[in-house]
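Visitor:
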Amino acid sequence: MADQYKGYRGPARDVLKNFQAIVWSDVQITTLKGEFTGIILPRSETADDLHIVLKLRSGYNVGIAANSVTAVEITGHKEANYKIPEKEFPYDPKKPNVKLLGTGGTIASRLDYRTGAVIPAFTPGELYGSVPELADICNLDTEKLYGVFSENMGPEQWVGTAEAIGREIENGVQGIVIGHGTDTMHHTAACLSFMVQNSPVPIVMVGSQRSSDRPSSDAALNLIHSVKTAAESDIAEVLVCMFGPTSDEYGLLHRGTRVRKMHSSYRSTFRTIGDIPVAKVDRNAITPLRDDYNRRRKDKSVTINTAFEEKVSIVYYYPNMRPDIIDSLVDNNYRGIVIAGTGLGHVNKPLYPSLKRAHEKGVAVFMTVQTLWGYVQMYVYDTGRDIMELGVIPSANMLPEVAYVKLGWALGQTGDLEKVKDIMLNPVADEITEREPSNGYLIFQGGLDDVEEFISRIRK
Amino acid sequence: MTDFVFKSFDEMTPEDYAAIGFMAGLEIHQQLLTEKKLFCRCPAGIYSPEYDAEILRHMRPTLSELGEYDGTALMEFKTKKDIIYKIRHETVCTYEMDDTPPFELNEDALDIAIEIGILYGCNIVDEIHVARKQYLDGSIPTGFQRSAIISVGGQIPYGDRKIGITQLSIEEDACREISDIGHTREYLTDRLGMPLIETVTDPDMRTPQEIADVGNLFRYLVRGTKKVRTGDGSARQDVNVSVRGGTRIEIKGVSRLPEIPLLAYNEALRQWNLLRIREELQLRGINENKFRSAVADVTHILKNTRYEPVRNALKTGMQVDAVLLAGYHGILRRQTQTDTYFSQEISDRVRVIACLTTLPNIIHSDIPSETISTAEWQRIKKTLSTGPEDTVVLVWGSGKDVETGANEIIIRAREATIGIPSETRQAYDDGTNGFERILPGPNRMYPDTDLPPKRITSECIERITAGLQENYWSREKRYRKLAIPSDTIRSLVLSQYADLFDRLVTNQTADPGWAAVVLVQFVKRLGRGGYDVSKLTTEVMNSIFTAVNSGRIVKDGVLKMMEQICDSGPEALLNLLVPANETELVTVVREAQTQIKKMVIINPDRRAIIIIGMIMDRLRGRVNGQTVIDLLGMTNGGRDNG
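Listed in order, the protein sequences are those of chains A and B. Counting in the working numbering, the first sequence runs from -4 upward without gaps. Counting in the working numbering, the second sequence runs from 8 upward without gaps.
(1) How is Phe84/B classed by DSSP in three states: helix, strand or coil?
(2) Under a three-way DSSP split, which group does Gly4/B fall into?
(3) Step through the CB atoms of chain B and report whether any lies within less than 7 Å of the CB of Pro119/A.
(4) Leaving out five residues on either side along the sequence, give the residues of the same chain with a beta carbon under 7 Å from the beta carbon of Asp118/B.
(5) By DSSP, does Ala26/B sit in helix, in strand, or in coil?
(6) Between which two residues does the beta strand (DSSP E) harbouring Ile177/B extend?
(7) Cβ closer than 9 Å: which chain B residues qualify as neighbours of His72/A?
(8) Out of Asn147/A, Val196/A and Leu346/A, point me to the one whose CA is closest to Asn166/A's CA.
(9) For Ser188/A, I'd like the list of residues in its chain whose CB is within less than 6 Å of its CB, leaving aside the five on either flank, ordered along the chain.
(10) Taking the C-alpha atoms as reference points, what is the distance between Leu526/B and Glu266/B?
(11) Indicate whether at least one CB of chain B lies closer than 7 Å to the CB of Arg4/A.
(12) With a CB to CB cut of under 8 Å and the five nearest residues on each side skipped, what residues in its chain are close to Gly441/B?
(13) Tell me whether Ser307/A sits in a helix, a strand or coil according to DSSP, three-state version.
(14) Any idea which residues DSSP pairs Thr69/B with across the strands?
(15) What does DSSP give as the partner residue(s) for Asp373/B in the beta ladder?
(16) Just list the residues that DSSP pairs Tyr348/B with in beta bridges.
(17) Going by beta carbon distance, what residues of the same chain come within less than 6 Å of Thr544/B, once the five residues before and after it are set aside?
(18) Is Lys223/A near Leu247/A, with beta carbons less than 7 Å apart?
(19) With the cut-off set at 7 Å, would you say Ala457/A and Val67/A are in Cβ contact?
(20) Which value, in whole angstroms, describes the spacing of the CA atoms of Ile453/A and Lys93/B?
(21) Strictly under 7 Å for the Cβ-Cβ distance: is Lys467/A near chain B by that measure?
(22) Could you check if Ala7/B is buried or exposed, using at least 16 other CB atoms within 10 Å of its CB as the buried criterion?
(23) Would you tell me roughly how many angstroms separate the C-alpha atoms of Arg597/B and Thr516/B, rounded to the nearest one?
(24) Is Glu61/B close to chain A, meaning its C-beta is less than 7 Å from at least one C-beta of that chain?
(25) Out of curiosity, what's the CA-to-CA distance linking Gly334/B and Lys297/B?
(26) For Glu286/B and Thr101/B, what's the separation of their Cα atoms in angstroms?
(27) Report the option in Thr495/B, Gly537/B, Pro449/B and Ile147/B whose CA atom is closest to the CA atom of Ala522/B.
(28) Using a Cβ-Cβ cutoff of 9 Å, what residues of the region 225 to 246 of chain A are near chain B? List them in chain order.
(29) Under 8 Å between beta-carbons, which chain B residues line up against Phe189/A? List them in chain order, please.
(30) Taking the beta strand (DSSP E) that His249/A falls in, what are its first and last residues?
(31) With 8 Å as the C-beta to C-beta threshold (strictly closer), list the residues of the region 403 to 420 of chain B near chain A in chain order.
(32) Note down, in chain order, each residue of its chain lying with its Cβ closer than 7 Å to the Cβ of Ile284/B, except the 5 sequence neighbours on either side.
(33) My output table needs one value for Asn193/A: the three-state DSSP class, helix, strand or coil.
(34) Taking any Cβ of chain B, which residues in the region 207 to 219 of chain A have a Cβ under 8 Å from it, in chain order?
(35) Which of the three DSSP states, helix, strand or coil, is assigned to His181/A?
(36) For Thr208/B, which of helix, strand or coil comes out of DSSP?
Okay, structure coming up:
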């Protein structure tokens, strides 16, 4: 039986028990200060144990000090029944079939009384109930693979997701959408780019920066964009589909290996780094911004390769880093290290012996840049040459997180460091590009006349 | 009760209002005087129509905490508006744009809100929970207003009665709407996020005039703290009105209290008349279940019409729908408010919900003249098999909008059989009101999962209580016992100088009547004259009174001194106006007397005043008028010296 005093602990719980006032009771509470009328709500487990939460008739919640309660009169019971109105998702044989695989995140969510935060919830019926526009695009089927926040995604979930994608392609779906929390969406996108190769259909990752329990949420529009891309686009790649500008105008389709979350909270947080996005998508059209993408095919063949070595780490270099950081990884049997170095790919001298030792112990060490934009270039300064001498391999313009995921995947294939190097430096899905176009690095600065003039014209 | 005949606004008596069961309450929004906004660190109170950038958003309804949709939210969703926010870098950050989660609640604002809660005699809650109050009209980019209850209960004295206070909350202010045309609504965001309190009273007011009086009381009370904003738009009232058998209707955003009585009267009249319409429909055998309507596309019938609005609409490819309301003949012509008819209720809904904002947006067969031709009406009526007891309403617009419009006509007409729909209504300048949106209910509330509950400790309440200002009534009562001009009392109580005044009187530095005149009337006079009275700080004013007290300035020089300070700053105090000495005085008086002899005075009665003026002018505030009078020996009118 569910806890009738959900979330309440200590003195607050004692008071409620004393008056037999269980959660969801409609009550009139008399306190030393006065009277309060409303419904007793569950309490967040992270809140203190001194207060009782009451939903007043006006809909507002207030906390009442448990030790001031002198009487509780119970007049009824009203339990919340939080359910998105579910309507059967209509089936139209003329429309493409799209599968939505859920891993978690706030793309569809509801309130969690335990933590007071939002938890994900979705079925085709619920999605149709809240975003009916989806039915104009496709026949949608959903499967909940996981229900985790994105920080809890890891190799187990990556492998499971890649396998699920393989099954769906075999089943003949015309497109796949993956609902995902946004924090590590770019890690998963990169991983799926390696694990799922030569897909005949679009694989579109989507999430939301404002949870779907908010009227201004980007969830609905992101879902519409991603489902449209999965159903209609001819881009058969792993893509991230999120807001282009913060305005409700269009989404961008980013290549899974070149995308990164760049702002902790903005809607337009996902940006393609060192290149331009693959395409733009709105309610009416998908507009490619480039031509060099894999085209959709009619067959059902796909290569799923989910081998993954978990003992890989990423080290974000900082001045005065001590060699014990590297040593401890080696001593703990890590098999691969990605360094996010300064500038063109540098670390300080005190680290050299440790890096040498790592190399000698057969640990694969790759260099990336913490500037995110630009290439590793270790010939320019002596420091770089010295570091390469120690066995550290420059990874061109691979993003640090992408290099981390790829190294795990490469080490999953083979223990031979030469082969690992080969895998790492041969791009599978543009994780390394031959050139950085001049419009691949655009970070405008506010305050300048021409920039201000520009942002006054576009809805950013 | 139906025998009651509504009189004109001026003729209605309290007994008449009692007869119709008039009840009203207030929701008073008052901005707090803080340096920064409520949930972010943007500066508060900087307004400008200038903007640097725009963003566009759409709003979608979401479920309430108890798993229900709010009616208003669903209505707003039907409108499918593009909402444009105009953003200025100086006053808006990524928080107001809803691209950054809230920062901690502004403690200064919270302290002021608690202080006012204590003044109201409310029960301050022990823990505040920030709620999200949904507003899908777009007035807040998040789609909700962050709001939290500070206290419940409480009351303030009103004559020999008490006005109950339902609750006091602290919340962030919304955007300012600048236009709403078709499917585009535009907002300025400078006011967004400003801290304000909302005071909700019980429905304790019994006449329209009482609402304004009580509104004034609250205004004085909160202004008495000197911690709230004053000026345009800093205080806005929502007025809730109902009559017996009616519904609570909210009239939104009235910023001028004197407008309230007529607005409330018209709303009572509207409710009264809508109830009569329901009676009439019932007599005709029409109720919610027996209500019948039909819709037909009549575009083809009107393709050659001469009626301009429809003709223009058809030119741009729009469609005309005819809605049959069975048994409604004459109903749309029934009066609701002063010079306003039931057809207006329908037109409003079509305007707001179907976004058909070009007026007229409907015509109906109850007033067939001056619109489409009789022949056209006949063909339309025939299409819908209209009988003499029925009414037909026409609505025109683009495909989707006309469909929504026709549907809204049916919804509103059917509601007439039930009574008065729960609505939020907007105030018009002529004292009538119009539909704004469906009245939101408790289902629009949702806990704010971005912020944890915040405890209000007893130490906090004690600290605020200790620093509490004397409340408006008690101060007013005290001042009435002093010899202060009665028209100055209210302003003095609300003045920033009230505490200084008390000190001056207690220390016997100044006589109360004169001090009140200086602190209220002089400051007002200078302000009206365009002087920068902000330079007259409490400290400066205190120095002036001290200087007078020690004889370094004469009383009649005070206004001059204040003028100088406004012009050149408090340094003027250093160049004190030294009172004129005896020799100087005598010289000036003689000169004046010589001069006036040369002048032709038309009215000899004015001679004394003119000579005093000449002397005072020459000495520029360095002598008191009485001294001059004494010197001239004018006790008998001064003619001897002429």
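Just so you know, even glycine gets a beta-carbon here, dropped at the ideal spot from N, CA and C. All figures in this text were calculated on a predicted structure; none of them were measured in a lab.
Guide: Let me spell this out:
(1) Phe84/B sits in a helix when the DSSP states are folded into three classes.
(2) Since the first residue shown for chain B is 8 and the last is 649, residue 4/B is missing from the structure and cannot be characterised.
(3) So, not an interface residue.
(4) Same-chain partners within the cutoff: Ile471.
(5) The answer is helix: DSSP assigns Ala26/B an H, G or I state.
(6) Arg168 to Glu179 is the extent of the beta strand (DSSP E) around Ile177/B.
(7) At a beta-carbon threshold of 9 Å, none of the residues of chain B lie near His72/A; the nearest stands roughly 13 Å away.
(8) Nearest C-alpha to Asn166/A: Val196/A.
(9) Short of 6 Å from the beta carbon of Ser188/A, and not among the five residues preceding or following it, lie these beta carbons of its own chain, in chain order: Val233, Gly251, Thr252 and Ala424.
(10) Their Cα atoms are separated by approximately 30 Å.
(11) Taking a beta-carbon distance threshold of 7 Å, Arg4/A does not count as an interface residue toward chain B.
(12) Once the five neighbours on either side are set aside, the close Cβ partners of Gly441/B are Gln351, Asp355, Arg432, Gln433 and Tyr435.
(13) For the sequence presented, residue 307/A should be read as Val rather than Ser. Strand, per DSSP.
(14) Beta-bridge pairing links Thr69/B to no other residue.
(15) Answer is none; Asp373/B lacks a bridge partner.
(16) Beta-bridge partners of Tyr348/B (DSSP): Gln342/B.
(17) The beta carbon of Thr544/B sits closer than 6 Å to no other beta carbon from its chain once the five residues preceding and following it are set aside.
(18) Remark: C-beta atoms of Lys223/A and Leu247/A do not approach each other more closely than 7 Å.
(19) Here chain A comprises residues numbered -4 to 455, so residue 457/A is not present and cannot be evaluated.
(20) Cα-Cα distance, rounded: 12 Å.
(21) Residue coverage of chain A in this structure runs from -4 to 455, which leaves residue 467/A outside it and unanswerable.
(22) No answer is possible for residue 7/B: the residues shown for chain B start at 8 and end at 649.
(23) Going by the C-alpha atoms only, they are around 34 Å apart.
(24) Taking a beta-carbon distance threshold of 7 Å, Glu61/B counts as an interface residue toward chain A.
(25) Roughly 10 Å separates the two Cα atoms.
(26) Computed Cα separation, rounded: 53 Å.
(27) Across the set Thr495/B, Gly537/B, Pro449/B and Ile147/B, the C-alpha of Thr495/B shows the shortest separation from the C-alpha of Ala522/B.
(28) Look at the region 225 to 246 of chain A: the residues with a C-beta under 9 Å from a C-beta of chain B are Pro240, Thr241, Ser242, Asp243 and Glu244.
(29) Within 8 Å Cβ-Cβ: nothing; Phe189/A doesn't reach chain B, min ~32 Å.
(30) Element bounds for His249/A: Gly246 to Arg250.
(31) Per Cβ criterion, the list is empty.
(32) Leaving aside the five residues that flank Ile284/B on each side, the residues in its chain whose CB is nearer than 7 Å to its CB run, in chain order, Ile338, Arg341, Phe349 and Ala423.
(33) In this structure, Asn193/A counts as coil in the three-state DSSP scheme.
(34) In summary, the residues of the region 207 to 219 of chain A whose CB is separated from some CB of chain B by less than 8 Å are Ser207, Asp208, Arg209, Pro210, Ser211, Ser212, Ala215 and Leu216, in the order they occur in the chain.
(35) In the three-state reduction of the DSSP assignment, His181/A falls in the helix class.
(36) In the structure shown, the three-state DSSP call for Thr208/B is strand.
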